[in-house]
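Numbering (our numbering), first residue to last: 738 to 895.
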């Protein structure tokens, strides 16, 4: 009868372990990759209609649009006095900003007099005001929904 040597048993165990670990690693990573691809495809599907036209922009709240503009146009040191209107026009975001100014109930007239010329600091401050006002209105609406319904006393007929 054949009796394996200790060295042969060692290599047999080593290669068996490597094969099993490679199989497990492959099966686990394939599952993760598949689960990661589903949200990416869903994200691409949701981003495509949003980016197609400015008319779809009102579907987002003012606060979310302000947040997007705040993230896109960050103010660098020394650039606070830069006129941002031409850059917004070039990137196609000036129309979005104009719509936000028209739709918002926040008073930014002390910051932005004309959408043709404004500094980066004025732009940033107006976006923060618009965002805060919209979030305040959303909070009010949600709190109104949470209020308990008023109890109407039952009128008894004598």
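We put the beta carbon where it would ideally sit given N, CA and C, even for glycine.
Kindly list the residues whose CB is nearer than 8 Å to the CB of residue i, restricted to its own chain and excluding five residues on each side of it in sequence; keep chain order.
| i | result |
| --- | --- |
| residue 831 | 822, 825 and 852 |
| residue 749 | 741 |
Between residue i and residue j, how many whole angstroms is the CB-CB distance? I'm expecting something under 8 Å.
| i | j | result |
| --- | --- | --- |
| residue 800 | residue 871 | 4 Å |
| residue 834 | residue 805 | With a Cβ gap of about 11 Å, residue 834 and residue 805 do not count as contacting. |
| residue 812 | residue 857 | 5 Å |
| residue 849 | residue 838 | 7 Å |
| residue 869 | residue 798 | Between residue 798 and residue 869 the Cβ distance is about 12 Å, and since that is not below 8 Å, they are no contact. |
Here's a check: name, in chain order, each residue in its chain whose Cβ is nearer than 6 Å to the Cβ of residue i, leaving out the five neighbours to either side.
| i | result |
| --- | --- |
| residue 866 | 843 and 845 |
| residue 860 | 821 |
| residue 817 | 857 and 858 |
Who are the near neighbours of residue i in its chain, counting only those whose CB is closer than 7 Å to its CB and skipping five residues on each side?
| i | result |
| --- | --- |
| residue 819 | 856 and 857 |
| residue 854 | 820 and 822 |
| residue 862 | 848 |
Quick check on the DSSP output: what are the complete alpha helix (DSSP H) runs of length 4 or more inside the segment 794–866, in order along the chain? 799–809, 822–828 and 831–840
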